[in-house]
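Working notes, structure below.
Numbering (the working numbering), first residue to last: 310 to 561.
Written out as structure tokens, the structure reads:
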């Protein structure tokens, strides 16, 4: 998805603030919502310029960038469930004693040990990021890997797809172009992901769809629209209410 590509290609500072600036637009990295420079946005009896309105959007719809990121799949964050919970409690401003009592583990010294381990992880991450940046300058043979979509439920070897592979898969299954019909739905998991990622571009982030509307959109892509709908949910591209009355693109 385009939103996901923008997310993965953003700088550290852009990720921290949760949005990027492109031409005359502020674009939310978390869901793709846009505000336009020069437009004044009324909200709650107040008037906000575009960047402030984007900050309002992130706070109101995502809580914060921290809350959005901490809910990502552990394959993307590299955090264990325990580390994830600890970071949430640290972010809430709780003391070591309060955390020790809430989690009912060890002592406050145990919490300090966890803080130290997270600090070590941060130092290692900084070194790794620098190494990767330096490597990019020298490794001219590295293939361009397609980044996984943000809502991926399980990131594994299925996501090891180069840009060249992606283009070949799309050309094979969309002989009339990616805006046209799907010739066949692949059996290989890696190919499924590439196809589904392209199909989901036909849906609008932030919009709710009825099952009938989803079916109509998917039917123009492939006759077995129920198959597409099932896999879009299975692979974390889309979600729905339990009774199937409402569908939407997942953004977190």
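No residue lacks a Cβ here, since even glycine has one placed at the ideal position from N, Cα and C.
Mind checking which residues open and close the alpha helix (DSSP H) that includes residue i?
| i | result |
| --- | --- |
| residue 442 | 417-447 |
| residue 407 | 405-412 |
| residue 506 | 498-508 |
| residue 339 | Neither: residue 339 is in no alpha helix (DSSP H) and is coded neither H nor E. |
| residue 352 | Per DSSP, residue 352 belongs to no alpha helix (DSSP H); it is in the beta strand (DSSP E), 350-352. |
| residue 534 | 534-543 |
| residue 481 | 472-482 |
Can you list, in chain order, the residues of its chain with a C-beta nearer than 8 Å to that of residue i? Leave out the 5 residues immediately preceding and following it.
| i | result |
| --- | --- |
| residue 349 | 356, 357, 358 |
| residue 519 | 554, 555, 556 |
| residue 390 | 383 |
Output the distance between the C-alpha atoms of residue i and residue j, rounded to the nearest integer angstrom.
| i | j | result |
| --- | --- | --- |
| residue 394 | residue 549 | 27 Å |
| residue 339 | residue 505 | 20 Å |
| residue 369 | residue 352 | 12 Å |
| residue 521 | residue 497 | 28 Å |
| residue 377 | residue 347 | 28 Å |
| residue 387 | residue 493 | 36 Å |
| residue 432 | residue 416 | 25 Å |
| residue 320 | residue 408 | 32 Å |
| residue 535 | residue 385 | 29 Å |
| residue 511 | residue 551 | 23 Å |
| residue 441 | residue 525 | 44 Å |
| residue 325 | residue 374 | 7 Å |
| residue 547 | residue 523 | 11 Å |
| residue 434 | residue 428 | 10 Å |
| residue 448 | residue 314 | 22 Å |
| residue 414 | residue 402 | 18 Å |
| residue 537 | residue 517 | 17 Å |
| residue 540 | residue 532 | 14 Å |
| residue 530 | residue 495 | 14 Å |
| residue 343 | residue 476 | 28 Å |
| residue 439 | residue 332 | 29 Å |
| residue 381 | residue 392 | 13 Å |
| residue 509 | residue 410 | 45 Å |
| residue 430 | residue 330 | 30 Å |
| residue 354 | residue 412 | 42 Å |
| residue 287 | residue 426 | Summary: the structure shown does not reach residue 287, with the chain confined to residues 310 through 561, and so no result is reported for it. |
Are residue i and residue j close, meaning C-beta to C-beta below 9 Å?
| i | j | result |
| --- | --- | --- |
| residue 420 | residue 396 | no |
| residue 479 | residue 503 | yes |
| residue 474 | residue 499 | yes |
| residue 514 | residue 558 | yes |
| residue 544 | residue 501 | yes |
| residue 617 | residue 399 | For residue 617 there is no data in the structure shown, the boundaries of the chain being 310 and 561. |
| residue 345 | residue 334 | yes |
| residue 466 | residue 487 | no |
Where do the N-terminal and C-terminal ends of the beta strand (DSSP E) with residue i fall, by residue?
| i | result |
| --- | --- |
| residue 638 | Only positions 310 to 561 of the chain appear in this structure, which leaves residue 638 out of reach. |
| residue 331 | 328-331 |
| residue 491 | Per DSSP, residue 491 belongs to no beta strand (DSSP E) and is neither H nor E. |
| residue 556 | 556-558 |
For residue i, which residues in the same chain have their Cβ closer than 7 Å to its Cβ, ignoring the five residues on either side in sequence?
| i | result |
| --- | --- |
| residue 337 | 327, 328, 363, 366, 367 |
| residue 405 | 417, 420, 421 |
| residue 542 | 548, 549 |
Apart from the five residues on each side of it in sequence, which residues of its chain come closer than 6 Å, Cβ to Cβ, to residue i?
| i | result |
| --- | --- |
| residue 312 | Low per-residue confidence applies at residue 312: pLDDT is 43, beneath 50, and the placement is therefore not dependable, though the value from the model is reported in the following sentence. Correct list, in chain order: 341. |
| residue 484 | 492 |
| residue 371 | 339, 377 |
What are the start and end residues of each continuous beta strand (DSSP E) run of 3 or more residues lying completely inside the segment 354-395, in chain order?
Entirely contained in the segment 354-395, the beta strand (DSSP E) runs reaching 3 residues are, in chain order, 355-357.
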